[in-house]
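>
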Amino acid sequence: MRLVGKVLVLSLLAVFALSLVAMAQTPNLTLTAAKVSSAPTLDGVVNDKAWVEASQRGAKVVVDLNNTGDKITSLPRVAYVAYDDEALYVAYINYTLNPDALTVGNVVHNNDEVELFIEPAGKTYVQIIVDNAGETMNGQLINYAVKKADIQWIVELALPWANLEVDPPKPGDQWKINLNGHQITDGNMWLCWNPTYGGFLNPDRFATLIFGE
Numbered sequence: 000m001r002l003v004g005k006v007l008v009l010s011l012l013a014v015f016a017l018s019l020v021a022m023a024q025t026p027n028l029t030l031t032a033a034k035v036s037s038a039p040t041l042d043g044v045v046n047d048k049a050w051v052e053a054s055q056r057g058a059k060v061v062v063d064l065n066n067t068g069d070k071i072t073s074l075p076r077v078a079y080v081a082y083d084d085e086a087l088y089v090a091y092i093n094y095t096l097n098p099d100a101l102t103v104g105n106v107v108h109n110n111d112e113v114e115l116f117i118e119p120a121g122k123t124y125v126q127i128i129v130d131n132a133g134e135t136m137n138g139q140l141i142n143y144a145v146k147k148a149d150i151q152w153i154v155e156l157a158l159p160w161a162n163l164e165v166d167p168p169k170p171g172d173q174w175k176i177n178l179n180g181h182q183i184t185d186g187n188m189w190l191c192w193n194p195t196y197g198g199f200l201n202p203d204r205f206a207t208l209i210f211g212e
């Protein structure tokens, strides 16, 4: 009986601990992508009409939390999300103390990089990585540009619907998304817009992406 009692107590403690972890997790976020009138030019300069329209409609987020959701980087990133009948467009502005000192030359996820997770309705998610030197993972799926400036490095990308083998989404459709990255040179942090409370490969912790008008 004593052994059974100890097992029961330990089981209850484990359930309680898991409950505390679940309670600590924030609700998944929601982002409405702006349907834009013209595609952005992918040149590493975030000044196109598409990005202005995305900003005007609130289709921008700040990526500043670590993956466990309990630390904020001193050098946040801003991402803009837009789409049209041809592709999904994402621009990342990544602030840094010295763009020329960013980490390169390693496996792509061990460099200063940005990541896009996108999960079409009813399909498996896709992970795309672009680092500050233009090296990629799943780069064959996208068109992109990388540019370094005084206090930032920028990634612009287009992900054609055809490369995902899906029909163009309609206004009101809902997918899943997360906007992530690895900051190394300015302090090692795995950054998430929607914290995953662990590794990035956790679709249960992706945000909801709504395709706007």
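Residue numbering for the sequence shown follows numbering that gives the first Met the number 0, starting at 0 and increasing by one per position. Even for Gly, the Cβ is constructed at its ideal location relative to N, Cα and C.
Determine, using beta-carbon pairs with one atom in the stretch 146-158 and one in the stretch 191-199, whether at least three such pairs fall under 8 Å.
Contact fails: fewer than three Cβ-Cβ distances are below 8 Å.
> When DSSP labels each residue in this structure, what does K48 get in the three-state scheme?
Looking at K48 - three-state DSSP - the assignment turns out to be helix.
> Just grab the DSSP bridge partners of R76 for me.
In the DSSP output, where bridge partners are listed per residue, R76 has V62 and N93.
> Using only alpha-carbon positions, find the residue among V129, E118 and D63 that is nearest to G186.
Closest by alpha carbon: D63.
> Any idea what DSSP makes of W160, helix, strand or coil?
DSSP places W160 in helix when its eight states are reduced to three.
> In whole angstroms, give me the CA-to-CA distance for N65 and T72.
For N65 and T72, the distance between alpha carbons rounds to 7 Å.
> Taking C-beta to C-beta, are A90 and Y79 nearer than 8 Å?
Closer than 8 Å, so yes.
> In the DSSP output, which residue or residues are listed as bridge partners for H181?
Paired residues: E112 and W189.
> In three-state terms, what does DSSP make of V103?
Coil.
> Is L140 helix, strand or coil when you go by DSSP?
DSSP places L140 in helix when its eight states are reduced to three.
> At the level of alpha carbons, what is the spacing between A58 and Q182?
Answer to the nearest angstrom: the Cα atoms are 23 Å apart.
> Can you list, in chain order, the residues of its chain whose CB lies under 7 Å from that of T29, leaving out five sequence neighbours each side?
Around T29: A206, T207 and I209.
> Based on the DSSP secondary-structure assignment, which residues constitute the bridge partners of Y87?
Looking at the sequence provided, one finds Leu at residue 87 rather than Tyr. Paired residues: Y82 and L158.
> Using DSSP with H/G/I as helix, E/B as strand and the rest coil, what is D130?
Of the three classes helix, strand and coil, the one that applies to D130 here is strand, per DSSP.
> Measure the C-alpha to C-alpha separation of A257 and S36 and round it to an integer number of angstroms.
A query on residue 257 cannot be resolved here, the shown segment of the chain reaching from 0 to 212 and no further.
> Can you tell me which of I92, L200 and T195 puts its alpha carbon nearest to the alpha carbon of T25?
The residue with the shortest Cα to Cα distance from T25 is T195.
> Go ahead and pull the three-state DSSP assignment for A38.
Coil, per DSSP.
> Measure the alpha-carbon distance for M136 versus A23 and round it to whole angstroms.
Their backbone Cα atoms lie some 32 Å apart in a straight line.
> Measure the CB-CB distance between K70 and G211 and report whether it falls below 8 Å.
No. Outside cutoff.
> Would you list the residues sitting across from L28 in a DSSP beta bridge?
Bridge partners of L28: none, in fact.
> Is the distance from the Cβ of I92 to the Cβ of H108 below 8 Å?
Against a cut-off of 8 Å, the Cβ pair of H108 and I92 comes out as no contact.
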